[in-house]
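Down below is the structure, laid out as structure tokens.
Residue numbers (UniProt numbering): 1 to 213.
Here it is as structure tokens:
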């Protein structure tokens, strides 16, 4: 019997359930958005810390990436120069990188959407970055006000991006699966019989709300 991998388990979970399981403490800033609504990622982080306006270390990260890895880039929120364009994205896609998460911007958005390569970023720009050196790969970084270590799990969808510390991966996956199951049971209870079940659910829910003393 084939075993479902942790990556497959996280991939089918919405970020909302994972956020609930983590207590919401590792959600990236909501400004980091997917460049297309259908983009979804779930995989281990290769981290990159870039000096202002620099992007050379992104190539180093791609060169050591394994299939399914996610390149997570601390560009210090720089929105003036792109950390990557369609050529660099093509290289990443070609070696099996699953996606980029960028506390900064990219360029060539139309081409990247055509490549159907998931990018989560602050937005886009027309200006290229420099390749003068100085970036660091696989070190602790801060992206979207959340600390990311190499090997942490990154899950992103239309609602945002969540980080799961590698030491908590199994625990959070189980908690998120339980939360999703509870949500589905609640939906069935509340909506299964139209208005009748909705009113019954609301009556019970309102009665359980704690009133101020």
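Each residue gets a CB set at the ideal place from its N, CA and C atoms; glycine is no exception.
Reference residue i, options the options, closest by Cα
i: residue 68; options: 20, 183, 100 and 123; result: 100
i: residue 51; options: 141, 198, 182 and 208; result: 141
i: residue 162; options: 14, 113, 6 and 26; result: 26
i: residue 47; options: 189, 36, 73 and 62; result: 73
i: residue 135; options: 9, 11 and 55; result: 55
i: residue 117; options: 38, 9 and 15; result: 38
i: residue 44; options: 10, 209, 53 and 204; result: 10
i: residue 12; options: 24, 41 and 35; result: 41
i: residue 6; options: 197, 169 and 198; result: 169
i: residue 130; options: 83, 110 and 167; result: 83
i: residue 95; options: 8, 207 and 64; result: 64
i: residue 113; options: 4, 200 and 36; result: 36
i: residue 70; options: 200, 187 and 152; result: 152
i: residue 214; options: 132, 133 and 111; result: Outside the modelled stretch of the chain, which goes from 1 to 213, sits residue 214, for which no answer is possible.
Which of helix, strand or coil DSSP assigns to residue i
i: residue 52; result: coil
i: residue 44; result: strand
i: residue 75; result: strand
i: residue 154; result: strand
i: residue 159; result: coil
i: residue 209; result: coil
i: residue 197; result: helix
i: residue 1; result: Confidence at residue 1 is low in this model, with a pLDDT of 46, below 50, so the placement of that residue should be treated as unreliable; the coordinate-derived value is given next. In this structure, residue 1 counts as coil in the three-state DSSP scheme.
i: residue 32; result: coil
i: residue 101; result: strand
i: residue 87; result: helix
i: residue 125; result: coil
i: residue 10; result: helix
i: residue 107; result: coil
i: residue 26; result: coil
i: residue 82; result: strand
i: residue 58; result: helix
Neighbourhood of residue i by C-beta, 6 Å cutoff - its chain only, sequence neighbours within 5 removed
i: residue 121; result: 102, 105 and 106
i: residue 137; result: 48, 57, 60 and 61
Residues near residue i by beta carbon distance below 7 Å, same chain, minus five either side
i: residue 172; result: 18, 21, 22 and 164
i: residue 115; result: 86, 89, 90 and 93
i: residue 126; result: 107
i: residue 198; result: 190 and 191
i: residue 150; result: 45, 46, 47 and 138
i: residue 133; result: 56
With 16 other Cβ atoms within 10 Å as the buried cut-off, status of residue i
i: residue 66; result: exposed
i: residue 147; result: exposed
i: residue 97; result: buried
i: residue 119; result: buried
i: residue 202; result: exposed
i: residue 212; result: exposed
i: residue 143; result: buried
i: residue 109; result: buried
Cβ shell of residue i (< 8 Å), same chain only, five flanking positions each side left out
i: residue 145; result: 28 and 29
i: residue 179; result: 17, 20 and 21
i: residue 14; result: 157, 159 and 180
i: residue 53; result: 78, 80, 81, 129 and 130
Quick check: the stretch 184–195 against the stretch 23–40, are at least 3 beta-carbon pairs closer than 8 Å?
Fewer than three Cβ pairs drawn from the stretch 23–40 and the stretch 184–195 lie within less than 8 Å of each other, which leaves the two stretches out of contact.
Is it true that the stretch 77–94 meets the stretch 172–191, where meeting means three or more beta-carbon pairs spaced less than 8 Å apart?
No: fewer than three Cβ pairs fall under 8 Å.
At a cut of 8 Å, does the stretch 146–164 reach the stretch 78–87 through at least three beta carbon pairs?
Contact fails: fewer than three Cβ-Cβ distances are below 8 Å.
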